[in-house]
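From first to last, the protein sequence lines are chains W and R. Here this note's numbering = 1-based position in the first sequence + 59. Here this note's numbering = 1-based position in the second sequence + 59. Beta carbons: idealized from backbone N, C-alpha and C, even for Gly. Take a look at the structure below.
Number of protein chains: 2
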Amino acid sequence: MKGQFAQRMSRTKKSFIREILKVTQNPNVISFAGGLPNPNYFPIEPLRAAADRVFAEQGKLALQYAPTLGHEPLRAFIAQRYAERTGMAVDPDEILITNGSQQGLDLVAKILLDPGDHVLVESPSYLGGIQAFTMYEPEFVPVPLREDGVDTAVLTQAAAHPQSKLFYALPNFQNPSGITYSRETRQAVSQILANNQIFLIEDDPYRELRFLGEDLPTIASFNRERAFLLGSFSKIVAPGFRMGWICAPAPLMDKLIIAKQGTDLHSNYVSQLIIHRYLQDNDLDAHIATIRAAYKAQREIMVAMIEECFPSEVTFTLPEGGMFLWVTLPPQLSAMDLFETAAQENVVFVPGAPFHVDGTGNNTLRLNFSNTSAEKIEVGMTRLAQAIKRMMVAA
Amino acid sequence: MKGQFAQRMSRTKKSFIREILKVTQNPNVISFAGGLPNPNYFPIEPLRAAADRVFAEQGKLALQYAPTLGHEPLRAFIAQRYAERTGMAVDPDEILITNGSQQGLDLVAKILLDPGDHVLVESPSYLGGIQAFTMYEPEFVPVPLREDGVDTAVLTQAAAHPQSKLFYALPNFQNPSGITYSRETRQAVSQILANNQIFLIEDDPYRELRFLGEDLPTIASFNRERAFLLGSFSKIVAPGFRMGWICAPAPLMDKLIIAKQGTDLHSNYVSQLIIHRYLQDNDLDAHIATIRAAYKAQREIMVAMIEECFPSEVTFTLPEGGMFLWVTLPPQLSAMDLFETAAQENVVFVPGAPFHVDGTGNNTLRLNFSNTSAEKIEVGMTRLAQAIKRMMVAA
C-alpha cells in the first residue's frame, strides 16, 4: 500500500541476540552469548602478508569489478577440499562465493520460496536462518532434534505435505544445540527429501571444527539434485571478511547466479584474493588444528563446570565440535527470567526461545564456549550455577 | 510448488551485459560496453599501505563480526562529506554500509515492495536496478527522460496511481543515458513524490565525477522523509571492495537494519577499515580530481569522434560527468543488429533495449568512455562509425 512498508516487514523484528550483545559491552560481564570465534586465533600476520602480496601483485585485478561466481582459483580450492575431506566430487563452477553463509541462506530462499511455502526447520534452529527465510513469508514447520539428529519420523510426515518446499539442516555441532547427525540419520534425511522432492539447505560452517569423533559425510553427498551446501571461512579463517559459499549443482547454480547479480553483482573481490593468497602461502590444516585444540579444552572446562556446579535437574548436550552447547532447565523455569538474574551476576547467555518457531523452548538456553578463556569460563559458570540455584529456590 | 523455483524466478534472466562482457575477453576488441572505472586510477599503493596499517593496528577488530550498520568512523566520514559537499545534515546513524549500491537497491526493494506495487523508473533506467526490483515482482512504469531530467508531467500522472510505491532516479550523469536533472526538476520531483506518498531511491554513484557545470542538490535534500539516497566508493576509490551505502532517516533505517541482518549480518569489515584508513591518510579530493580530468578528456575525444564520423541522423547526449553517453540511431535501425555488425569490426557497446521496461529503445545504445584510452577511443569510434554507415546503406 502507498507509503507503507512491504507485508513481509510486519513479520520481522530486530535480532534479540544482537540486542543482548549490547549488554556484553560492560567489561565486567562474562559472555557466553555471542557466536564469536576466538580472535586470539585469527591469523593476523599471515593475512597481512597475503594482503600485501595481493595489492603488490594483483592490485588492478583485485580492485576491479569481478565475476559473479567469484574468484576461480578460490572456488577450485574449495572444490578440491570437498574432494579431499568429504569424498564429494565438486566442480569449481558449482561454487558461488557469498557474503558469509548468511547470504547463502538469503539467496537460496530468494530463488525457492513463495509466500506460504513450508520451510521445515530443526527445533531449535539457527536464528539467522529463521530471520533470512522470514523475509520470504513462508510457513515454518518445526521438526524436533534428538541426540542423533532430526527426528526422521516427524520429518517424513512434514515432508509429505503438498506445500513442503525446503528443509533447513545444520548437521554438524548445530547452532544452537551442538547436536550432530549420525550417519544413518543423514542418509535417511536424504532419502525422505528425495521421495518428496524437497530442497535441502545443509548449513555447514562448523564441519572443520570437530574435536571428538570422526568426520561424517554431508547429507548432500547422498543426493545432490536439490541440495544447497553452505560453507564459510568465518570459523576457520575470520568472520570480518564475510566470506562464505554455496555449493550446488548447475541447474540450481543458474538461478543462484541470477539472484546474486540482482542482489550485489558479486562478493568483495579484494578479500577473495587475500583469502586465496593466504590459503596458498599457509598451512590451513595446522591452523585449524590449533583452533580445534583450543575449543576442545574450553568445551571440556565448561562441561566439567556444569557437572560440578549445576543442579542435577539441568540437562545439557555434549557437542563433538563447534562453538556451542545447549542447556535444558527444569520445565517450570524460564531462561528469559534466568537471563535477568544472571545479568545481575554479570554473566550472560542466549535464551533458547528465539531459536524455536513455535513458541516452545522457554526453559532452554545456548552457551558459547569458543570466545571465553578457561579462567573466565570457570568464573562465569560458577556465577551461572549460582543464578540457576537462586531461581530454583524461588520457584 | 513442490520441487519448483519461486514464482519470481520466472521473470528473471541473466544479465545481457554480463554476457556481452564475455566477447570483450578478446584483446583485439575495443569495448565501450562495460561500466568499468579506469583501473589506471585505482590508488593501489595507498590502499596497500592502508591495509597494512589495519592488519598491524586493528587486526582483531577488523577480522571479527561487526555491527550491522557498519564501521562508525567510516559512516561519520560519509555523513560529514554530505554536509560539506551538498549541505545536507546527515547523522552517522543514518548511513548503512552495503555491498556496493547494488545491495542498497535490493535492501530497499525488500523492505518496500509487495507483488504488483508500481515502481516508477526512468526510461531508460539502470539495468541493475531493474534486475534488483524484478525479484520483488512489481509492475514497472516507465517515465521518459528529457534533457533536464525525468518528464515531470508523466511522473505526476504515474505517481497518482493508487499502486504507486517507489520512484527510482539517477539524477547525475545517469547510467545509461548520461543525463543530469536540472535543479528545477529535482525540486519538482521531490514535491510530486511528497504529494503522493511515494518513496524515492536516489541512486547517486557518479555525483563526484562531475567535470562540467556545477554541483546540484540531491533530490533527497528537499524532503528526506521517504528518501533513500545511495552512494558508493566504487567509482571514487575502487569497485573490488563492493562498498557502498544507503543514507536514510531513522524510521526507514530501522527496517533496513532488519533486512540487512537477515541478508548478510553486516558488510565486509576488513574492507571498511581499509577504506576508512585510506580516507584518513590520503587526499580524496586530489584523487577524484585526477579521475575527473581523465574522464573529461576521454569524453571529449568520444564526442569529437561522433561529431566527425557519425552520420548526422545519429543523435547523442552530452554528459557533464560520469562514465557514459547515449546514442540514438535513426528509428529504422536496430542497435542489436548494429551490435552484430560492430562485433565483426572488433568494437562493442551495450544495446539500449535492456534498459527499457516497455520493449522500446531498440534504436538506442550506451557507450562507456571511462575505461578506454584516447587512442583506443579514436580507433573504436572509427570502427563503430563504419558499422553504422554499413547498416544505413543496407537499411
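Buried/exposed call for residue i, threshold 16 Cβ in 10 Å
{"i": "G62(R)", "result": "exposed"}
{"i": "P86(R)", "result": "exposed"}
{"i": "S69(R)", "result": "exposed"}
{"i": "V209(W)", "result": "buried"}
{"i": "K314(W)", "result": "buried"}
{"i": "E267(W)", "result": "buried"}
{"i": "T193(W)", "result": "buried"}
{"i": "S371(R)", "result": "exposed"}
{"i": "V149(W)", "result": "buried"}
{"i": "A352(W)", "result": "exposed"}
{"i": "K119(W)", "result": "exposed"}
{"i": "R67(W)", "result": "buried"}
{"i": "R285(R)", "result": "buried"}
{"i": "N254(W)", "result": "exposed"}
Chain R within 8 Å of residue i, Cβ atoms only
{"i": "V406(W)", "result": "no"}
{"i": "I334(W)", "result": "no"}
{"i": "T431(W)", "result": "no"}
{"i": "M194(W)", "result": "yes"}
{"i": "A121(W)", "result": "yes"}
{"i": "D165(W)", "result": "yes"}
{"i": "D262(W)", "result": "no"}
{"i": "T71(W)", "result": "yes"}
{"i": "N158(W)", "result": "yes"}
Neighbour flag for residue i against chain W, beta carbons, 8 Å
{"i": "Y124(R)", "result": "yes"}
{"i": "L172(R)", "result": "yes"}
{"i": "S330(R)", "result": "yes"}
{"i": "A253(R)", "result": "no"}
{"i": "M382(R)", "result": "no"}
{"i": "D340(R)", "result": "no"}
{"i": "Q445(R)", "result": "no"}
{"i": "T349(R)", "result": "no"}
{"i": "L324(R)", "result": "yes"}
{"i": "Q161(R)", "result": "yes"}
{"i": "Q216(R)", "result": "no"}
{"i": "G321(R)", "result": "yes"}
Neighbour list for residue i in chain R, Cβ cutoff strictly below 7 Å
{"i": "F472(W)", "result": "Lying before the first or after the last residue shown, residue 472(W) is absent from chain W, which here runs from 60 to 454."}
{"i": "F300(W)", "result": "N327 and V329"}
{"i": "Q256(W)", "result": "K61 and G62"}
Under 9 Å by beta carbon: chain R residues contacting residue i
{"i": "S223(W)", "result": "K61"}
{"i": "P98(W)", "result": "G118, K119, L120, L122 and Q123"}
{"i": "L286(W)", "result": "For the record, residue 286(W) in the displayed sequence is Ala; it is not Leu. Result: empty, since nearest Cβ-Cβ is about 13 Å, beyond 9 Å."}
Residue i and residue j closer than 8 Å at C-beta
{"i": "L95(W)", "j": "I334(W)", "result": "no"}
{"i": "E273(R)", "j": "L229(R)", "result": "no"}
{"i": "N327(R)", "j": "R301(W)", "result": "yes"}
{"i": "I238(W)", "j": "L204(W)", "result": "yes"}
{"i": "P151(R)", "j": "A125(R)", "result": "no"}
{"i": "M455(W)", "j": "N427(W)", "result": "In the structure as shown, chain W begins at 60 and stops at 454. Residue 455(W) is therefore absent and cannot be evaluated."}
{"i": "L392(W)", "j": "G411(W)", "result": "no"}
{"i": "P276(W)", "j": "T145(W)", "result": "yes"}
{"i": "F232(W)", "j": "E379(W)", "result": "yes"}
{"i": "S223(R)", "j": "I257(R)", "result": "yes"}
{"i": "A138(W)", "j": "I154(W)", "result": "yes"}
{"i": "I447(R)", "j": "V373(R)", "result": "yes"}
{"i": "Q162(R)", "j": "T322(W)", "result": "yes"}
{"i": "P98(W)", "j": "L332(R)", "result": "no"}
{"i": "P102(W)", "j": "Y337(W)", "result": "yes"}
{"i": "T71(W)", "j": "I316(R)", "result": "no"}
{"i": "L384(R)", "j": "F375(R)", "result": "yes"}
Closer than 8 Å at the beta carbon, the chain W residues around residue i
{"i": "F64(R)", "result": "I170, L171 and K314"}
Closer than 7 Å at the beta carbon, the chain W residues around residue i
{"i": "L95(R)", "result": "Q123 and Y124"}
{"i": "A297(R)", "result": "L122"}
Neighbouring residues, chain R, relative to residue i (Cβ below 8 Å)
{"i": "G272(W)", "result": "Those do not exist, as G272(W) stays about 28 Å from chain R at its closest Cβ, beyond 8 Å."}
{"i": "M450(W)", "result": "The contacting residues do not exist; M450(W) stays about 30 Å from chain R at best."}
Under 9 Å by beta carbon: chain W residues contacting residue i
{"i": "D207(R)", "result": "Residues of chain W passing the Cβ test: none, with the nearest at roughly 27 Å."}
field: Unbroken stretches of the alpha helix (DSSP H), 4 residues or longer, contained in the stretch 121-207 of chain R
entry: Look at the stretch 121-207 of chain R and you find these whole runs of alpha helix (DSSP H), each 4 residues long or longer: 131-145, 159-171 and 186-193.
field: Minimum length 4: unbroken alpha helix (DSSP H) runs contained in the stretch 224-287 of chain W
entry: Taken in chain order, the complete alpha helix (DSSP H) segments of 4 residues or longer contained in the stretch 224-287 of chain W are 242-254.
Contiguous alpha helix (DSSP H) assignments of at least 4 residues, all confined to the stretch 385-442 of chain R: 394-403
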